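S.K.:
Numbering (the numbering used here), first residue to last: 856 to 937.
Following this line, the structure appears as structure tokens:
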């Protein structure tokens, strides 16, 4: 099965966050070791402006951020080994 199908969000809010991925990715915090997470207030403001209830977005965004942090850590590890 295609991972995009398997892990596709089922709720309106989840799909909205998925579609807003590029915009949210640009609302990131950068630290000394690179990507440090999302700027949650900025992300909530963007999603709220798009009609996503911020209380629901506040529940979903930490999971999105966790995936981004995991991907960034894997990328850093790959960069060290190449």
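Backbone N, C-alpha and C define an ideal beta-carbon position, used for all residues, glycine too.
What you are looking at is a predicted structure, and each value in this text was computed from that prediction instead of being measured.
Measuring CB atoms only, is the stretch 895-908 touching the stretch 860-873, in the sense that at least three cross pairs come out at less than 8 angstroms?
M.R.: Contact between the stretch 895-908 and the stretch 860-873 is present, with at least three C-beta pairs closer than 8 angstroms.
S.K.: Quick check: residue 913 and residue 893, are their CB atoms within less than 8 angstroms of each other?
M.R.: Residue 893 is positioned such that its CB atom lies no closer than 8 angstroms to that of residue 913.
S.K.: Could you name each continuous alpha helix (DSSP H) segment of 4 residues or more that falls completely within the stretch 872-904, going from the start of the chain to the end?
M.R.: 876-880 and 895-904
S.K.: Is it buried or exposed for residue 878, if we count other Cβ within 10 angstroms and need 16 for buried?
M.R.: exposed
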